[in-house]
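Residue numbers (my numbering): 64 to 175. All C-beta atoms in this analysis are idealised placements derived from N, C-alpha and C, irrespective of residue type, glycine included.
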Amino acid sequence: MSSLRALALLATLALAPASALAEPEDAIFGMNYVFTSVDAYTAGYGHFVVTGVVAGESTPRVIRFSGYGLSLQDADRCDRFALIAMTRPGRYQFSYFQEAPNQYPTCTLTRM
């Protein structure tokens, strides 16, 4: 590997947010998570992970949302909302709320 490539790799790793390497924290049922910016969104079977800045905070967090009521349709809707929030930073807020494990989650996209 050339020294220029090695330097570019080190610069990329140094500039990456610490949250990109962080283990996701589990969401708390009954808490409404409102993201003022979404940096990453990963969907899996029965769960998804959002990396972004929660309203009132200044650093990104990695939060895993899962639950009994998370169906494929819910994940698809949340996917679209999170992607819109990612492509229009500062214009939309993405929020997620699930009252209890047996309740269906609610994803909301709000214009700021």
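* In the structure shown, what three-state DSSP assignment does Y173 receive? -> Reading off the sequence, residue 173 comes out as Thr, not Tyr. If DSSP states are grouped into helix, strand and coil, T173 belongs with the strands.
* To do: Could you tell me if P123 is buried or exposed, where buried requires 16 or more neighbouring beta carbons within 10 angstroms of its beta carbon?
  => buried
* Asked: Nearest-angstrom Cα distance between F128 and Q156?
  -> 17 Å
* Asked: How should I126 be labelled, buried or exposed, when 16 other C-beta atoms within 10 angstroms of its C-beta is the threshold for buried?
  -> buried
* Hey, out of V116, G115, P168 and A103, whose CA is closest to M94's CA? -> P168
* To do: With DSSP as the reference, please indicate the residues paired to A106 in a beta bridge.
  => F111
* Among D89, L146 and Q161, which has the Cα closest to the Cα of R154? -> L146
* Tell me which same chain residues have a C-beta within less than 6 Å of the C-beta of V116, skipping the five on either side of it? -> T99, S100 and P123
* To do: Using the DSSP secondary-structure output, state which residues sit across from Q166 in a beta bridge.
  => None; Q166 has no bridge partner.
* Asked: Taking the Cβ atom as the reference point for each residue, do S158 and V112 lie within a distance shorter than 8 Å?
  -> no
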